[in-house]
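For the sequence shown, the numbering used here begins at 667 and goes up steadily by one.
Worksheet: the structure to be examined is printed underneath.
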Amino acid sequence: MTTTLTPPSQSPASPTIDTAVESADAAQRADSGAVILDEQAKREVRRAMLAGVAVPGYQVPFGSREMPVARGWGSGGLQATLSLGGSEDTVKVIDQGDEEGVNAVNLRRLIQGSLDCATSADTRESTIIQSRHRIPEDRLDAHQIVVLQVPVSEPLRGVEKSVRECDRMHAEADYSRMWVSIYEDLVTSGVVNKSAGYPVMVNHRYLMAPSPIPRWDIPRLGDAENLTVLSHGRDKKIYCVPPHTHVEPVTFDDVPYEVEYTAGAACGLCGSTDTFMVQSADGRFLCSDVEWCARVRADDVDPDEHRRIAPLDLLPDPAARVGAFDESFLTDPSVLRASQRRAVAEVTPVTAPGEDWSLQVTGLGKVYPARRGSSAVVAAQDVSFDVAPGEALGVIGESGSGKSTVMKCLIGDEFGATGDVRLAAFDEARTNILTLDPNARRQLRVSTLSVVYQDPAAGLDLHISAGGNIADRLTAAGERSYRAIRRRAAELLDRVEVPLDRIDDVVGQFSGGMRQRVQIAKALATDPDVLLLDEPTTGLDASVAAGVLDLLRELIAERNVAVVVVSHDFSVIDALTDRAVVMHRGRIIETGLTDQLFADPHEAYTQRLVAAARR
Ligand code: ADP
Ligand code: MG
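Following this line, the structure appears as structure tokens:
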């Protein structure tokens, strides 16, 4: 067997020549008729594929087998092809765009030896096309299946390391992290940097990693006649794009999706200008689909038909890029201030039917169970209060009195609370939100019930920009316009007095006070009905804290939001709130107007808190 050993250039984990030789050996073994996937295993893979067809884009786990090729050489694709195929099939194997690369040749020999099928270089007569990197240039039909060898199955891997968290995001269709990553790309380089394997939404539901196919091929993944099966051996995941399924590259509504294209490029061999091209060592552009290129030269293609399916409407257009957007508001915030005032006036307060509250807490209790070495802690017991729109309620108590516990139970950071919590803005206060599942609780936090933590790192991602942190909240709420996000982020940052020339700076570089301001901006981004502030100034230096307190006081006064402020510091409660409850050992021991509590505290415990604030 004579083959040139040139590892494919675009492989993310480029296999070594040794593994190629191993594959070649295995291919020779397969030539002798070795069965490398038993019937039981094939049935299992087919079952996974059926599930994948039933739920397009969903990553179906399957019992992946050891294959006589190195992982990364297409073991996932191989298992899919061997499970799908039979002796009546004609199989084409391409690596990049070429069926004569060493990897393609070896896989083809393995498949042929195992299935006893025909093989062909001609896309048109192939029933199964196993590929890495490319979908053939031909229009495929309903009798053909494309099997894509997938190097990275998890589209969220770049933004989230935890597999469990990725699973949760898929389950809840919670893809704001991906949107933020696209936003950050646009902010830093003006274009979306994701190239091969550009993330797509399948059937409006699942985010999918479409193998390493170039952006050029993405438009043809969707609404195709053929079935596409994507398979990853090491991750043991199969997912499918059934015929006529909507596949949409992830991009903002006002930022066009672009394919790769070099202006004026024409294939140096066939002259095509409407194919995906690669640059050869001598600098010439050549069709990546070698077979297609040969057929163009032999006059064996329909050029008009091909032009119709080529994504020429998606070529890069500098005039439509974000760099061409008018962002003069970043240097002239007066424009923003006018619209900001208007927007705030438009927000109508939400109260419960027949009542005046936005948030009502009745008999809230929380027990932290006993652990080894410590007994159970009753952190909150029979806590009740309500808050009206435009009102700020204080919760004051010394450290350990249960303030944060109440806050966490309200926001859904802590589960297992007893009692009854209602939001006027959720289901017209008919549902006790403590009975909702974690997913529903998380959704409430997007636009109804917002929190500002003592530690900005708890409410922000310090690795992304100030604007990106606000984009996180806005995209979670469904905002899909880059321009609208930029403008809203600028409005909010301007309002919290973060200089607008820092909108694209990573929050980790900000001072503590500035971080807290960004966290406040993020919490207000979707105009929540209820805002919870847990020790919002406790971590800050006194002078910085005073500035943030002033800001919070103004924000509370100008918005119709219902606010709960938690603090151990009576001066904070005094500065921000109208009414307050005093917590001691998990219980409310005194309530009243903040002024009165401050001027004339009844309980000795409250007197101590007041005395501490007066010092
Ligand atoms: P505060 O915010 O008023 O300082 P916390 O709500 O944090 O008070 O704590 C109230 C009580 O609950 C304290 O006794 C604390 O030790 C206990 N507690 C808080 N969180 C936990 C937890 N995760 N597990 C066990 N006990 C906890
Ligand atoms: Mg606390």
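Positions of the beta carbon are idealized from the N, C-alpha and C atoms, including for glycine.
Taking the alpha-carbon of residue i as reference, which of the options has the nearest alpha-carbon?
{"i": "phenylalanine 1236", "options": "Arg1225, Arg1281, Gly1205", "result": "Arg1281"}
{"i": "leucine 1197", "options": "Leu1089, Pro1165, Arg1149", "result": "Leu1089"}
{"i": "histidine 799", "options": "Val759, Val1033, Arg774", "result": "Val759"}
{"i": "valine 967", "options": "Val1229, Ser1177, Pro802, Arg950", "result": "Pro802"}
{"i": "aspartate 1170", "options": "Gly1179, His1129, Thr1204", "result": "His1129"}
{"i": "valine 719", "options": "Ile811, Thr1101, Leu1102", "result": "Ile811"}
{"i": "arginine 712", "options": "Val735, Trp739, Leu744", "result": "Leu744"}
{"i": "arginine 1225", "options": "Pro876, Tyr1271, Ile794, Ala1058", "result": "Ala1058"}
{"i": "serine 753", "options": "Arg1037, Pro1194, Thr793, Gln762", "result": "Thr793"}
{"i": "glycine 1056", "options": "Arg1245, Ala976, Val907", "result": "Arg1245"}
{"i": "alanine 784", "options": "Leu773, Thr756, Arg973", "result": "Thr756"}
{"i": "aspartate 919", "options": "Gly1144, Val1230, Ala1223", "result": "Gly1144"}
{"i": "glutamine 778", "options": "Asp804, Gly763, Val1238, Ser749", "result": "Ser749"}
{"i": "valine 1001", "options": "Gln1175, Ile1222, Val866, Ala1156", "result": "Ala1156"}
{"i": "glycine 877", "options": "Asp1052, Lys903, His836", "result": "Checking the displayed sequence, the identity of residue 877 turns out to be serine instead of glycine. Serine 877 has its Cα closest to that of Lys903, out of Asp1052, Lys903, His836."}
{"i": "valine 853", "options": "Glu765, Val866, Asn1135", "result": "Asn1135"}
{"i": "glycine 1029", "options": "Gln1175, His870, Ile1254", "result": "Ile1254"}
{"i": "glycine 1063", "options": "Arg1251, Gly824, Leu814", "result": "Arg1251"}
{"i": "glutamine 1185", "options": "Asp1167, Leu1218, Ala1208", "result": "Leu1218"}
{"i": "serine 842", "options": "Asp1216, Gln1109, Asp1266, Glu1201", "result": "Gln1109"}
{"i": "cysteine 959", "options": "Arg1154, Thr789, Asp1048", "result": "Thr789"}
Pick helix, strand or coil for residue i, following the three-state DSSP scheme.
{"i": "cysteine 953", "result": "strand"}
{"i": "glutamate 971", "result": "helix"}
{"i": "serine 1065", "result": "coil"}
{"i": "alanine 787", "result": "coil"}
{"i": "methionine 867", "result": "strand"}
{"i": "tyrosine 923", "result": "coil"}
{"i": "methionine 733", "result": "coil"}
{"i": "glycine 1085", "result": "strand"}
{"i": "glycine 699", "result": "Confidence in glycine 699 is poor, its pLDDT being 49 and thus under 50, which makes the residue's placement unreliable; the coordinate value appears in the next sentence. Looking at glycine 699 - three-state DSSP - the assignment turns out to be coil, as it is neither helix nor strand."}
{"i": "arginine 1181", "result": "helix"}
{"i": "isoleucine 811", "result": "strand"}
{"i": "glutamate 1220", "result": "helix"}
{"i": "tyrosine 1271", "result": "helix"}
{"i": "arginine 805", "result": "coil"}
{"i": "glutamate 705", "result": "helix"}
{"i": "glutamine 1109", "result": "helix"}
{"i": "alanine 1277", "result": "helix"}
{"i": "alanine 679", "result": "Confidence is the limiting factor: at alanine 679 the pLDDT is only 42, short of 50, which leaves the residue's position unreliable and the question unanswerable from this model."}
{"i": "tyrosine 1148", "result": "helix"}
{"i": "aspartate 965", "result": "coil"}
{"i": "glutamine 945", "result": "strand"}
{"i": "aspartate 1266", "result": "coil"}
{"i": "alanine 1018", "result": "coil"}
{"i": "leucine 1206", "result": "coil"}
{"i": "leucine 887", "result": "coil"}
{"i": "leucine 776", "result": "helix"}
{"i": "leucine 822", "result": "coil"}
{"i": "leucine 981", "result": "coil"}
{"i": "leucine 893", "result": "strand"}
{"i": "arginine 1154", "result": "helix"}
{"i": "leucine 748", "result": "helix"}
{"i": "asparagine 1098", "result": "coil"}
{"i": "proline 674", "result": "Here the model assigns proline 674 a pLDDT of 40, short of 50, so the residue's position is not dependable, and the following value carries that caveat. Proline 674: coil per DSSP, three-state reduction."}
From the DSSP output, which residues share a beta bridge with residue i?
{"i": "aspartate 1052", "result": "Gln1026"}
{"i": "lysine 758", "result": "Ile795"}
{"i": "arginine 1253", "result": "His1250"}
{"i": "arginine 1245", "result": "Leu1059, Leu1259"}
{"i": "serine 1131", "result": "Val1172"}
{"i": "glycine 1031", "result": "Thr1084"}
{"i": "histidine 898", "result": "Lys903"}
{"i": "proline 727", "result": "Lys903"}
{"i": "aspartate 764", "result": "Asp761"}
{"i": "aspartate 1200", "result": "Val1232"}
{"i": "glutamate 914", "result": "Met867"}
{"i": "leucine 1115", "result": "Val1196"}
{"i": "aspartate 1046", "result": "It should be noted that the sequence gives alanine, not aspartate, for residue 1046. Lys1032, per the DSSP bridge assignment."}
{"i": "leucine 873", "result": "Met867"}
{"i": "arginine 1037", "result": "Ser1040"}
Under a CB-based cut-off of 9 Å, is residue i close to chain C?
{"i": "glycine 989", "result": "No chain C is part of this structure, which consists of one protein chain only."}
Using the beta carbon as the reference atom, which residues fall closer than 6 Å to any heavy atom of the ligand ADP, ordered along the chain? Tyr1034, Val1043, Ala1045, Gly1063, Ser1065, Gly1066, Ser1067, Gly1068, Lys1069, Ser1070, Thr1071
With a floor of 4 residues, list each alpha helix (DSSP H) that falls wholly inside the region 833 to 860, ordered by position along the chain. 842 to 855
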